[in-house]
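To start, the structure under review is shown below, and the notes come after it.
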Amino acid sequence: MSDLLRAPAEIKFAEELDWLESIDDNPKPFSWRLSPKMVRLFILGSERSDGLDREISQKWFGDRSFVERSIVTLASDRGLLLIGDPGTGKSWLAELLSAAISRNSTLVVQGTAGTTEDHIKYSWNVSMVIAKGQSRESMIPSPIMTAMETGAIGRFEELTRSTSDVQDALISILSEKYISVPELDSDNIVFAQPGFSIIATANSRDRGVNDLSSALKRRFNFVRIPVVTNKKSEAEIVRFRTEELLGRHHIELDVPPTLLDVLLQSFADLRASAAAAGSDDEKLESALSTAEQIGVLEDAILHSNFFGERALTAHTLASSLVGSLARREPEDLAILNKYLHGVVEPRSKEEGGSWPEFLEGGRDAIATLS
42 MSDLLRAPAE IKFAEELDWL ESIDDNPKPF SWRLSPKMVR LFILGSERSD GLDREISQKW
102 FGDRSFVERS IVTLASDRGL LLIGDPGTGK SWLAELLSAA ISRNSTLVVQ GTAGTTEDHI
162 KYSWNVSMVI AKGQSRESMI PSPIMTAMET GAIGRFEELT RSTSDVQDAL ISILSEKYIS
222 VPELDSDNIV FAQPGFSIIA TANSRDRGVN DLSSALKRRF NFVRIPVVTN KKSEAEIVRF
282 RTEELLGRHH IELDVPPTLL DVLLQSFADL RASAAAAGSD DEKLESALST AEQIGVLEDA
342 ILHSNFFGER ALTAHTLASS LVGSLARREP EDLAILNKYL HGVVEPRSKE EGGSWPEFLE
402 GGRDAIATLS
């Protein structure tokens with residue numbers, strides 16, 4: 042695992058998954074590696090009331106009802122569509138579910154405007170076809186077809202970014218649970234094995250790009266993942282991801298709780314400003330998601346480690362925030378400048394603490410980019 046830039050969940054948490062599987066005596070649907078209760082426990086972490094001999098870490102932070110509904114959907118043999126704003130943890134939840142259920146979260150199709158039916162069905166090894174003709178051996182199965190053949194979970198990221206032809210091809214797969222291969226005379230149907238299902242994700246901000254047909258919508262159970270607004274939950278997510286970053290880079294650097302509070306409050310302020318804005322021009326282009334908040338903190342930590350004094354400061358944090366969120370010029374810079382003068386400056390005078398240095402860092406960053 043140390044040789045991988047980013048290990049998939051089934052490798053990263055292999056020890057936990059092995060242990061949970063060894064003690065799991067609950068009924069398992071289809072060919073699931075863990076029972077629904079253990080899948081939930083793996084994702085949400087253990088509590089004292091579980092009475093386990095070891096602690097299981099919490100990996101996804103959100104309402105447990107979303108996780109439970111997702112698990113029930115997959116156990117019912119229906120497709121699962123996780124929908125929500127960017128950065129709400131949809132893909133991470135899909136990866137954790139796949140890892141816990143089938144110990145393979147890498148059977149993924151990425152939806153784009155260039156995604157074709159071949160990406161969700163099959164293609165051909167041209168050299169083998171020329172040499173020996175079309176056969177099952179010369180066929181290259183898609184990740185979805187591989188999931189069907191092995192009774193595993195297939196994932197489809199950004200479903201609404203793919204074209205209607207690709208979306209329509211999913212309808213027969215979800216309904217009939219097989220793929221026909223008309224190029225072959227025999228052995229020309231690939232049937233799905235028990236346990237196969239699809240977890241798709243879609244950004245609610247992509248509505249109108251390639252809307253799902255009513256027929257495809259009926260094949261999915263929808264689970265809407267809201268933006269995390271609870272400060273305690275958001276702090277746990279940011280802290281969890283930051284610890285991962287520090288461990289991966291072998292960085293010994295403390296994140297002072299006061300600076301984490303400044304970051305959380307800044308995003309809360311900017312979200313409130315966006316909600317009150319009268320038009321899109323008055324909003325930052327950023328979705329101000331938890332994922333972007335993590336990105337701001339990671340950028341500040343890495344800058345402090347490589348170019349600073351190996352100590353995170355409010356000045357560096359503010360510089361990272363401006364650099365990460367100012368995507369349009371001059372619109373975003375004007376919005377951030379207004380925030381600094383209208384909110385941060387009065388707060389720095391009233392509360393002091395890290396806010397004056399944060400204000401200075403933000404002003405310096407805006408001056409550099411202007």
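Residue numbering for the sequence shown follows the working numbering, beginning at 42 and increasing consecutively.
Ideal Cβ positions, reconstructed from N, Cα and C, are used throughout, including at glycine.
Every value quoted in this text rests on a predicted model; they were computed, and no experiment measured them.
Exposed or buried, which one is residue 244 when buried takes at least 16 other CB atoms within 10 Å? For this step, residue 244 is matched to residue 203 along the sequence shown. By the beta-carbon neighbour count (other beta carbons within 10 angstroms, threshold 16), residue 244 is buried.
Review point. Going by alpha carbons, who is nearest to residue 74 out of 215, 143 and 216?
Key: Taking the first residue of the sequence shown as 1, we reach residue 74 at position 33. Answer by Cα proximity: 143.
Quiz item: Taking one C-beta from the segment 122–130 and one from the segment 265–282 each time, how about it: are there three or more such pairs within less than 8 Å?
Solution: Contact between the segment 122–130 and the segment 265–282 is established, with three or more Cβ pairs separated by less than 8 Å.
Sequence-distant residues of its chain with Cβ nearer than 7 Å to residue 293 (five each side left out):
Indexing the sequence shown from 1 puts residue 293 at position 252. Taken in chain order, the list of residues that qualify is empty.
Q. Mapping DSSP to helix, strand and coil, what is residue 165?
A. By one-based count along the sequence shown, residue 165 stands at place 124. The answer is strand: DSSP assigns residue 165 an E or B state.
If I measure Cβ to Cβ from residue 336 and keep anything under 8 Å in the same chain, skipping five residues before and after, which residues do I get? Counting from one through the sequence shown, the residue named residue 336 turns up at place 295. So the qualifying residues of the chain are 365.
Please return the same chain residues whose Cβ sits closer than 6 Å to the Cβ of residue 333, not counting the five positions on each side in sequence. Counting from 1 along the sequence shown, the entry for residue 333 is found at position 292. Once the five neighbours on either side are set aside, the close Cβ partners of residue 333 are 128 and 327.
Using 8 Å as the threshold, is the segment 374–391 in touch with the segment 346–358, meaning 3 or more CB pairs across them?
no
Looking only at C-alpha atoms, which of 156, 346, 130 and 138 sits nearest to residue 278? Locating residue 278 in the sequence shown gives position 237, counting from the first residue. Ranked by Cα distance from residue 278, the options 156, 346, 130 and 138 are led by 130.
query: So what's residue 155 in DSSP terms, helix, strand or just coil?
result: The count along the sequence shown starts at 1 and reaches residue 155 at position 114. Three-state DSSP puts residue 155 in coil, outside helix and strand.
Please report how far the alpha carbon of residue 403 lies from the alpha carbon of residue 362, in whole angstroms. For this step, residue 403 is matched to residue 362 along the sequence shown. For this step, residue 362 is matched to residue 321 along the sequence shown. Rounded to whole angstroms, residue 403 to residue 362 spans 8 Å at the Cα level.
task = Excluding the 5 residues preceding and the 5 following residue 230 in the sequence, name in chain order all residues of the same chain whose CB lies nearer than 8 Å to its CB.
result = Working through the sequence shown from its first residue, we reach residue 230 at position 189. The answer, listed in chain order, is 219, 220, 221 and 222.
query = With which residues is residue 182 paired in a DSSP beta bridge?
reply = One-based indexing of the sequence shown puts residue 182 at position 141. Per the DSSP secondary-structure output, residue 182 pairs in a beta bridge with 163.
Ranges of the beta strand (DSSP E) found wholly within the segment 87–127, counting only runs of at least 3: Whole beta strand (DSSP E) segments, 3+ residues: 120–125.
On the three-state DSSP scale, how would you describe residue 262? Here the question's residue 262 lines up with position 221 in the sequence shown. Strand.
Please check the pair residue 181 and residue 188, which I expect to be a contact at CB under 8 Å, by giving their CB distance rounded to whole angstroms. Walking along the sequence shown from the start, residue 181 turns up at place 140. Walking along the sequence shown from the start, residue 188 turns up at place 147. Actually they are not in contact, since the Cβ atoms of residue 181 and residue 188 sit about 15 Å apart, beyond 8 Å.
Practice prompt. Please go through the same chain and pick out, in chain order, the residues whose beta-carbon is closer than 7 Å to the beta-carbon of residue 394, but skip the five residues on each side of it.
Written response: For the purposes of this step, residue 394 is identified with residue 353 of the sequence shown, where counting begins at 1. Counting only Cβ-Cβ distances below 7 Å, and skipping sequence neighbours, we find 299.
Count the other C-beta atoms from every protein chain shown that fall within 10 angstroms of the C-beta of residue 341, then say buried if there are 16 or more, exposed otherwise. Residue numbering aside, residue 341 sits at position 300 when the sequence shown is read from its first letter. Around the beta carbon of residue 341, 16 or more other beta carbons lie within 10 angstroms, which makes this residue buried.
Which runs of the alpha helix (DSSP H) spanning at least 4 residues fall entirely within the segment 354–405, listed in chain order? 355–366, 372–380 and 386–392
Which residue from 398, 86 and 325 puts its Cα closest to that of residue 95?
By 1-based counting over the sequence shown, the position of residue 95 is 54. Residue nearest to residue 95 within the set 398, 86 and 325 is 86 (criterion: CA-CA distance).
Taking only runs of the beta strand (DSSP E) that begin and end inside the segment 182–222, which ones reach a length of at least 3 residues, in chain order?
194–198 and 219–221
Given 7 Å as the limit, tell me if residue 194 has its C-beta closer than that to any heavy atom belonging to the ligand HEM.
With respect to small molecules bound, the structure shown includes none, and the ligand HEM cannot be examined in it.
* Indicate whether the contact test is met: 3 or more Cβ pairs, each with one atom in the segment 149–159 and one in the segment 207–217, closer than 8 Å. => yes
**CA nearest to the CA of residue 145, picked from 236, 171, 291 and 380** = Reading the sequence shown from its first residue, position 104 is the one you call residue 145. For the residues 236, 171, 291 and 380, the minimum Cα distance to residue 145 belongs to 236.
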